[in-house]
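Structure first, then comments.
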Amino acid sequence: MKSLILALIVIFGIASSARALELKRGVATDIWISWPNDAELVAPGFLDVFPEWRRTVSIDKIAGLRTAGFDFIRLTIDPFAFLSQPNESRAQRLIAQTLATVADIRATGLQVVVDLHAIPAGGYRSIGTDEILADAALFARHTALVARFAAALAPVDDGGIAFELINEPTIDCDEQNAGAPSRWPAMLQRLFQAARGAAPELPLIVSGTCWGGAEGLVRLDANVLPREMFTDAKVLWSFHSYDPFLATHQGASWTGAPVSLASGIAYPPDCAAKTEQAAILVR
Numbered sequence: 326m327k328s329l330i331l332a333l334i335v336i337f338g339i340a341s342s343a344r345a346l347e348l349k350r351g352v353a354t355d356i357w358i359s360w361p362n363d364a365e366l367v368a369p370g371f372l373d374v375f376p377e378w379r380r381t382v383s384i385d386k387i388a389g390l391r392t393a394g395f396d397f398i399r400l401t402i403d404p405f406a407f408l409s410q411p412n413e414s415r416a417q418r419l420i421a422q423t424l425a426t427v428a429d430i431r432a433t434g435l436q437v438v439v440d441l442h443a444i445p446a447g448g449y450r451s452i453g454t455d456e457i458l459a460d461a462a463l464f465a466r467h468t469a470l471v472a473r474f475a476a477a478l479a480p481v482d483d484g485g486i487a488f489e490l491i492n493e494p495t496i497d498c499d500e501q502n503a504g505a506p507s508r509w510p511a512m513l514q515r516l517f518q519a520a521r522g523a524a525p526e527l528p529l530i531v532s533g534t535c536w537g538g539a540e541g542l543v544r545l546d547a548n549v550l551p552r553e554m555f556t557d558a559k560v561l562w563s564f565h566s567y568d569p570f571l572a573t574h575q576g577a578s579w580t581g582a583p584v585s586l587a588s589g590i591a592y593p594p595d596c597a598a599k600t601e602q603a604a605i606l607v608r
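Sequential numbering from 326 applies to the sequence shown in this note's numbering.
See below:
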């Protein structure tokens with residue numbers, strides 16, 4: 326099941342003991358078996374199967390995750406497919422396929438987090454998280470997409486669906502801000518209001534700034550964000566933890582040395598025998 330990856334995500338409710346849903350152990354679906362560029366999006370047949378992992382991973386395999394003890398799927402949807410070269414008929418088709426996938430996953434007994442999850446831009450593609458957050462017009466389009474997804478998900482919410490408005494906002498890290506006012510609270514408020522306006526009862530997942538880490542969540546100023554975000558029983562606050570980074574990202578080519586050169590590191594370290602630990606260090 327190479328096109329699925331485990332995600333370590335902490336999600337919790339605030340201000341109410343009546344949580345929208347319980348999310349305990351989840352698996353995140355991957356995005357783009359081969360990351361596309363703008364031109365590929367309009368190539369004949371490229372988006373005929375969406376989300377694209379459905380080409381290679383069957384719902385029977387997804388159902389097996391339930392048997393293995395998982396209780397939710399984080400269904401990652403790349404907004405790039407909607408924001409690059411916008412096309413209304415394509416958007417309708419992709420949303421319809423997303424809803425069909427949500428229904429198929431719910432039929433297995435697994436809960437679903439629909440996650441608008443951009444990946445980095447580069448020479449091959451024009452839109453990623455940084456671009457969405459830096460360009461006012463593009464952020465407005467993403468906000469409209471949030472409202473559209475919320476409106477589509479609301480009628481099919483059966484108590485086992487949540488909607489994540491954006492993955493890991495990359496702005497407002499200490500080294501970036503250098504004392505400047507935080508941008509994220511006002512942007513988060515716009516995303517929240519767009520989603521809640523379209524879907525008053527849909528559980529929403531939101532996070533703090535600087536890659537969605539715990540520190541960014543703690544730094545959010547409750548005096549800046551609207552009070553209803555904290556009193557809404559169906560707002561779930563999340564943070565992502567990748568510590569220790571050497572263990573969680575070992576071998577990932579994009580991390581750079583020494584992490585990209587590491588492999589086979591057991592975590593926690595004492596879960597491996599001393600002879601195995603020694604062999605790992607030699608490698």
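For every residue, glycine included, the Cβ atom is placed at its ideal position computed from N, Cα and C. Just so you know, these numbers come straight off a predicted model, no measurement behind them.
Worksheet item: So does the segment 570-583 actually touch the segment 539-548, counting three or more Cβ pairs closer than 8 Å?
Response: Not touching, per the Cβ criterion.
Discussion item. Am I right that F397 and G351 are in contact with their C-beta atoms under 8 Å? What's the rounded C-beta distance?
Written reply: Translated into positions along the sequence shown, residue 397 becomes position 72. Translated into positions along the sequence shown, residue 351 becomes position 26. That belief holds up - the Cβ atoms of F397 and G351 are roughly 4 Å apart, short of 8 Å.
Discussion item. Taking only three categories from DSSP, how would you classify W378?
Written reply: Looking up residue 378 in the sequence shown gives position 53. Of the three classes helix, strand and coil, the one that applies to W378 here is helix, per DSSP.
Item to complete: Go through its chain and collect everything with a Cβ distance to F375's Cβ below 6 Å, but skip five positions before and after it.
Response: Residue mapping note: residue 375 aligns to position 50 of the sequence shown, counting from 1. Excluding sequence positions up to five before and after F375, its CB lies within less than 6 Å of the CB of L419, Q422, all in the same chain and listed in chain order.
Worksheet item: Would the beta-carbon of K386 be found less than 7 Å away from any heavy atom of the ligand MG?
Response: Although the ligand MG was asked about, the structure shown includes no ligands whatsoever.
Practice prompt. Within 10 angstroms of the Cβ of S341, are there 16 or more other Cβ atoms? Answer buried if so, exposed if not.
Written response: Here residue 341 refers to the residue found at position 16 when the sequence shown is read from its first residue. Below a pLDDT of 50, predicted positions are generally treated as unreliable, and S341, at 40, falls in that range; the measurement from the model is reported next regardless. Classification of S341: exposed, given that the 10 Å Cβ count is below 16.
Worksheet entry | Among A577, L463, P494, nearest to G537 - alpha-carbon criterion | What you label residue 537 is simply residue 212 of the sequence shown in a count that begins at 1. Of the candidates A577, L463, P494, the one whose C-alpha sits nearest the C-alpha of G537 is P494.
Discussion item. If I measure Cβ to Cβ from L516 and keep anything under 7 Å in the same chain, skipping five residues before and after, which residues do I get?
Written reply: Translated into positions along the sequence shown, residue 516 becomes position 191. Residues T468, V471, L490, I491 of the same chain have their beta carbon placed closer than 7 Å to that of L516, with the five preceding and five following residues left out of the count.
Worksheet item: Of the residues A477, P551, P583, which one's Cα is nearest the Cα of Q417?
Response: As a first step, residue 417 is located in the sequence shown; it is residue number 92 there, counting from the start. Nearest to Q417 by C-alpha distance, out of A477, P551, P583, is A477.
Discussion item. Need the endpoints of the alpha helix (DSSP H) that W509 sits in, please.
Written reply: What you label residue 509 is simply residue 184 of the sequence shown in a count that begins at 1. Start and end: 509-523.
Item to complete: Specify the secondary structure class of F397 as computed by DSSP and reduced to three states.
Response: Along the sequence shown, read from residue 1 onward, the residue named residue 397 stands at position 72. Collapsing the DSSP output to three states places F397 in a strand.
Worksheet item: Nearest to D355 by alpha carbon, out of P369, P510, I402?
Response: On the sequence shown, residue 355 is found 30 positions in, with the first residue counted as 1. When only C-alpha atoms are compared, the closest one is I402.
Practice prompt. State buried or exposed for A505, treating a residue as buried only when at least 16 other CB atoms are found within 10 Å of its CB.
Written response: What you label residue 505 is simply residue 180 of the sequence shown in a count that begins at 1. Exposed: under 16 other Cβ atoms inside 10 Å.
Worksheet entry | Minimum C-alpha distance to I496 - residue among T534, I486, M512 | Translated into positions along the sequence shown, residue 496 becomes position 171. When only C-alpha atoms are compared, the closest one is T534.
Practice prompt. Just tell me which of H442, G448, D483 has its CA closest to the CA of I430.
Written response: Reading the sequence shown from its first residue, position 105 is the one you call residue 430. When only C-alpha atoms are compared, the closest one is D483.
Worksheet item: What residue range is occupied by the uninterrupted alpha helix (DSSP H) comprising D429?
Response: Stepping through the sequence shown from its first residue, residue 429 is reached at position 104. Run containing D429: 413-432, per the alpha helix (DSSP H) assignment.
Worksheet item: Which residue from A511, Q514, T392, T426 puts its Cα closest to that of S383?
Response: Reading the sequence shown from its first residue, position 58 is the one you call residue 383. If we check each option's Cα against that of S383, T426 comes out closest.
Worksheet item: If you check the beta carbons only, do I387 and L435 fall under 8 Å apart?
Response: Here residue 387 is taken as the residue at index 62 of the sequence shown, counted from 1. Here residue 435 is taken as the residue at index 110 of the sequence shown, counted from 1. Their beta carbons are under 8 Å apart, which means I387 touches L435 by this criterion.
Worksheet entry | Where G541 sits in the DSSP three-state scheme | Taking the first residue of the sequence shown as position 1, residue 541 is located at position 216. Helix at G541.
Item to complete: Indicate the three-state DSSP secondary structure (helix, strand or coil) for A650 in the structure shown.
Response: Any property of residue 650 remains undetermined from this structure, which presents the chain solely from 326 to 608.
Worksheet item: Since Q410 contacts V367 with CB under 8 Å, what's their CB separation in whole angstroms?
Response: In the sequence shown, the residue the question calls residue 410 occupies position 85. In the sequence shown, the residue the question calls residue 367 occupies position 42. Confirmed, Cβ separation roughly 6 Å.
Discussion item. If I measure Cβ to Cβ from L529 and keep anything under 6 Å in the same chain, skipping five residues before and after, which residues do I get?
Written reply: By 1-based counting over the sequence shown, the position of residue 529 is 204. Result list for L529: F488, A520, V560, in chain order.
Discussion item. What does the Cβ neighbour count give for R552, buried or exposed, with the cut at 16 atoms within 10 Å?
Written reply: To locate residue 552, count along the sequence shown from 1; it is residue 227. It is exposed - the Cβ of R552 has fewer than 16 other Cβ atoms within 10 Å.
Worksheet item: If we count the other Cβ atoms within 10 Å of its Cβ and call it buried at 16 or more, is F555 buried or exposed?
Response: The sequence position of residue 555 within the sequence shown is 230, counting from 1. Residue environment for F555: exposed (fewer than 16 other C-beta atoms within 10 angstroms of its C-beta).
Discussion item. Nearest by alpha-carbon distance to G589: which of A604, S578, D595, G581 is it?
Written reply: Looking up residue 589 in the sequence shown gives position 264. The option with the nearest alpha carbon to G589 is A604.
Discussion item. For C498 and A475, what's the separation of their Cα atoms in angstroms?
Written reply: Indexing the sequence shown from 1 puts residue 498 at position 173. Indexing the sequence shown from 1 puts residue 475 at position 150. Cα atoms of C498 and A475: separation of roughly 28 Å, rounded to the nearest angstrom.
Fill in: Distance between A353 and D385 (C-alpha atoms, nearest Å)
Position 60 of the sequence shown, counted from the start, is the residue given in the question as residue 385. Position 28 of the sequence shown, counted from the start, is the residue given in the question as residue 353. As the crow flies, the alpha-carbon of D385 is around 16 Å from that of A353.
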